[in-house]
Structures are given as C-alpha cells and as structure tokens.
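Trainee:
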Amino acid sequence: MLVVPRRSRTKFWVLLVLVLVVALLASVSYLIWRQSVPGVRVTASVPRFVGQKTPLTVVVEAARGRVATASVRMVQGGKSIAITRHDGAAMPRLELPLTLEPTAAGFREGGATVEVWARDDFWRPWRGQERAAATFPTTIDLTPPPLEVAAATPYILPGGAGLVVVRAGDAVRADARVGSLTFPTFPMGPQGTRVGFFALPYDIPSGTSLSVTAADEAGNAVTRGIPAEMLPRRFRRDTIEVSDAFLNAKVPELLPQRPPNQPLVEGFLVINRDQRKFAEEEKRRVALKTADKPLWEGAFVQPRNTKVFSNFAEARTYRYQGREIDTQVHVGFDLASTKQAVVPAANKGVVVYAGPLTIYGNTVIVDHGLGLQTLYGHLSSVAVKLGDAVAKGQELGRSGATGLALGDHLHYEVLVHGVSVTPIEWWDAKWIRDRVSGPLKAAGIDVGSLEPSGEDRAGRSR
Ligand SMILES: [Zn+2]
2 MLVVPRRSRT KFWVLLVLVL VVALLASVSY LIWRQSVPGV RVTASVPRFV GQKTPLTVVV
62 EAARGRVATA SVRMVQGGKS IAITRHDGAA MPRLELPLTL EPTAAGFREG GATVEVWARD
122 DFWRPWRGQE RAAATFPTTI DLTPPPLEVA AATPYILPGG AGLVVVRAGD AVRADARVGS
182 LTFPTFPMGP QGTRVGFFAL PYDIPSGTSL SVTAADEAGN AVTRGIPAEM LPRRFRRDTI
242 EVSDAFLNAK VPELLPQRPP NQPLVEGFLV INRDQRKFAE EEKRRVALKT ADKPLWEGAF
302 VQPRNTKVFS NFAEARTYRY QGREIDTQVH VGFDLASTKQ AVVPAANKGV VVYAGPLTIY
362 GNTVIVDHGL GLQTLYGHLS SVAVKLGDAV AKGQELGRSG ATGLALGDHL HYEVLVHGVS
422 VTPIEWWDAK WIRDRVSGPL KAAGIDVGSL EPSGEDRAGR SR
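Plus 1 on top of the position in the sequence shown (first one is 1) and you've got my numbering.
1) Going straight from the alpha carbon of K308 to that of L336, what length do you get?
2) Could you tell me the alpha carbon to alpha carbon distance between D88 and T214, rounded to whole angstroms?
3) Straight-line CA distance for N262 to E283?
4) Apply the 10 Å Cβ neighbour rule to E452 and answer buried if 16 or more other Cβ atoms are within range, or exposed otherwise.
5) Pick out every residue whose C-beta is nearer than 6 Å to a heavy atom of ligand 1: which are they, in chain order?
6) Buried or exposed: L421, going by 16 or more other Cβ atoms within 10 Å of its Cβ?
7) Would you check if the segment 150 to 170 and the segment 249 to 257 touch, i.e. whether three or more CB-CB distances between them fall below 8 Å?
8) Among residues of its own chain, excluding the 5 on either side of A392, which ones have a beta-carbon nearer than 8 Å to its beta-carbon?
9) Any idea if V51 is buried or exposed, counting beta-carbon neighbours within 10 angstroms, 16 or more meaning buried?
10) May I ask you to report which of helix, strand or coil DSSP gives D275?
11) Between which residues of its own chain and R234 is the CB-CB distance below 7 Å, once the five residues before and five after are set aside?
12) Answer with yes or no whether the minimum CB distance from H369 to chain B is below 8 Å.
13) Answer yes if the segment 11 to 29 comes into contact with the segment 44 to 58, meaning at least three C-beta pairs across the two stretches below 8 Å, and no otherwise.
14) Would S181 and G299 qualify as a contact pair, given that the criterion is a beta-carbon distance under 8 Å?
15) What three-state label does DSSP hand P345 in the structure shown?
16) For the beta strand (DSSP E) that P440 lies in, which residues bound it at each end?
17) Helix or strand or just coil, what does DSSP make of V36?
18) Leaving aside the five residues before and after W34 along the sequence, list all residues of the same chain whose C-beta is less than 8 Å from its C-beta, in chain order.
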C-alpha cells in the first residue's frame, strides 16, 4: 500500500484549490471578455435634409462574429415605419442600399429620425433589451426652392453664349440646361441670386429647349424655361488638301507610338479623330477648375495686327490624293500675323492649363471665371505656368506650329464650361454690354469693371 506522507497531501489540496481558482478566474475573464466585445458598428450617409426621394446606404459591421439581422426604420412623432430589413444569411459586413420616400410612407415635413436596428450572432452571457444600434436625426423637406428667371440674354445664336440670372432662394445649385448639356450657375449679387453662362453648340438643333433647374439640399427640384430667342446662323465650309509633306512633318511628331508599317495617312486619321476627341474631353475637365466669381474686365482683346484666316465652326473636309478622307469641325479662330508673334491674354484671369494638348500642340487655357475660358494653341513657347494670375494683354507665349498646324499661327478659342463658342462675340464691346452686363444690371447686380469701358469701344480692331 502506498503511503502518502501528510506534507504531500497538503500540497495536493493546495494545488487543487489553486487550479480551481485559476480555472474559475479564467472562465470569469472569458465571460467578461465575451460580454465586453462591442456590438455592431453602423455607418450611414443620412443627409441633413430628406426630400421626396433620398437614396442612401447603411453599412453594418460586426466587431466579432457576423451581422445576424438588420433593419432600418424612419421615425417621426409616434410613427415608426420599416424602410428595409435584412433577413438573409449572416455576414461580417452588410450593405443596405435604400431610398427614403417620406411622402409615400405618410410622413410630414419637419424633424425625423432614421433608426438602424441590428445585432450580431456573437454569443454573450447576457443580452440586454433590444434597442436601436444607431440613430440619425434629419429634417424632412418636401418644398422645392422658389425659382424665378430674373434676366437672360435676349437673343442667342448657335455657336454663341448666353447668360441667365435667377433668384433661387435657398437652392444649393441651379443649372442651365441646353438640350442634354448642363451649365452651373454661381451665387452673385443679392442673397439667393445666381448667375450662369451657357453655350449653344454650333450644331444645336433648332427648337432645342432652354431651361434652368434649381435644387435645394433635400434634392427638391424646380425647372423654368429661359426666355431667349434663338436666331439662325450659318457656318462656312472649307476643304483642306492633306499633302505627304504635311503627313511626314506631323504624324511622327503627334503619334510616336504608331506601328512603323502603318501608312502615314492612317496615323493622320487617328490624330484627327481620337486626339481631337481627347482634347475636347480635356477642355471639359479643365472647365471644372473655373473660379466661382468673374475675373474678366470689359471686352476681350484680339492680338495686335492679326487677321482671322480660319473661322469658327467651319466644317473642314480633308482630302488626300484626290479623295475625301475625313470631316471635322474647326471650333476656334486661326489668327495669323508674324512668326513667333507675342500671344496676349485676351482678358484678366488665371492660367488653368499650360502644356501640350494633342492636336493643339503647346497650349495655354486662361480661366476668366463663371466657366468662361480662352484657349491658345500651337504655341512655339509658353511664358506662363499653371496657377499664374494674368493681366489683360499679358504675354502667354509665342505663336508657332506645334500640334496639327502647318504654318505658324495662333489657334484661339473661347470656351463656356468647356464648350467652344465663337470668339467674335467677346471681342465686341457692344455685344458684352447688351448680352452680358445688360441682363446682370437688369437683375440689379453691380457690374463694376465687367462692363466694357469707352476704351473698349474699338472692340476687335485693337
Ligand atoms: Zn485652328
């Protein structure tokens, strides 16, 4: 028989108690840890104001385990309505896209709350009373902003620009619409007044609707027509003979990546179509950098001693070895004077583009504010850099033949939110008085230095 000494027996009991205490402590800590693991985390882009239809996304994430159930409710007074719920399989992260439609759900304008109810499947020793995992206060607003067209350019032409002044109360945005194009307006003058330029593309179909739409923070929108009369305008056509000398000079420069056995004329078509299209898209991107206030002063200036030898919106047929190979529209003025002539800024502004731009070669774009910009192409050298503030007449660079240009000249464009319009209107002090400062003054806005002065009367002959 084994005789256990007394001392060893005591040791055994002490050890056993110790083990039990440790096991108990471990179990209690484990349960405390289980209980302390946070529940689901909710993020939601609930806006300050909810309109007729407000889309948003609710994201529910489980810290441990998976999201078992989730529902979104809208609450106002004693009324609580389920908007959406998730009853599918549990998952660590749940995205609930939904649309709040307060009218359909029978809510009224005023304060309301979006509640997210959700729970995970993580086991905890004790689960308290169910309550919302997150609440988001908001305000239901179903009333569109007031909108009145205070003034507009009375007569507009294809390939031209127009201006609209609206009173739009608490609207956070108002856009002029020309067919499918939209042009933003900017706050200017008295509270609630907004001003915007719009462009009529040269190929705008007659009868295209002109309107302005204002929206408040809740997304409530209202639309009014722009009372402007569209007059007809015809554009010239021209034929350009594409020579081998031109192809040899330009295609390798503008398309260095082309396959070596590709005929030059095919490379020319890629440049004339794809690179032209890219440049058009780049103009729209640069337009977004416009200042939200006017920077220009009076009429725009034509460079001294220049002659327009190629017109705006001229349809050009390209011929090579006796056959027509392409048709494109020229959306600016070509101005010729001497070689490497000084290219002045047409008006006061800020340089928003300075560098090569496909067919335009070395290019400068100057922003004059409110979406109005001027473009200078084919430059041999550039004297300004991105972000430079420039004065009217300040040298931007020298004329040249970079890009798709045969001889030294300046390609000059006026852009309204990236859409080319005829430069002739902006060289004409009377046009600016009648069509720009006129509507501004009619709407009670102080035009100050925007109005062409007596010196500008000469207009384009400068
Ligand atoms: Zn040109």
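For every residue, glycine included, the Cβ atom is placed at its ideal position computed from N, Cα and C.
Remember, it's a predicted structure, so these values are computed and weren't measured experimentally.
Mentor: Concretely, from the data shown:
1) A straight line joining the alpha-carbon of K308 with that of L336 spans about 5 Å.
2) If you take the alpha carbons of D88 and T214, they lie about 40 Å apart.
3) Spanning the alpha carbons of N262 and E283 requires a straight line of approximately 30 Å.
4) E452 should be labelled buried.
5) With 6 Å as the limit, the residues whose C-beta approaches a heavy atom of ligand 1 more closely than that are S311, H331, G333, D335 and H412, in chain order.
6) This sequence places Ser at residue 421; Leu is not what is there. Label assigned to S421: buried.
7) With the cut-off at 8 Å, the segment 249 to 257 and the segment 150 to 170 do not touch.
8) Within the same chain, and ignoring the five residues on either side of A392 in sequence, the residues whose Cβ sits closer than 8 Å to its Cβ are A346 and K349.
9) That one is buried.
10) Helix, per DSSP.
11) Correct list, in chain order: L158, P159 and G160.
12) The displayed structure is made up of one protein chain only, and chain B is not part of it.
13) Touching, no, given that fewer than three Cβ pairs across the two stretches are closer than 8 Å.
14) Cβ atoms of S181 and G299: not closer than 8 Å.
15) Three-state result, P345: strand.
16) No beta strand (DSSP E) contains P440, which is instead part of the alpha helix (DSSP H) from G439 to A443.
17) This sequence places Gln at residue 36; Val is not what is there. Helix, per DSSP.
18) There are no such residues.
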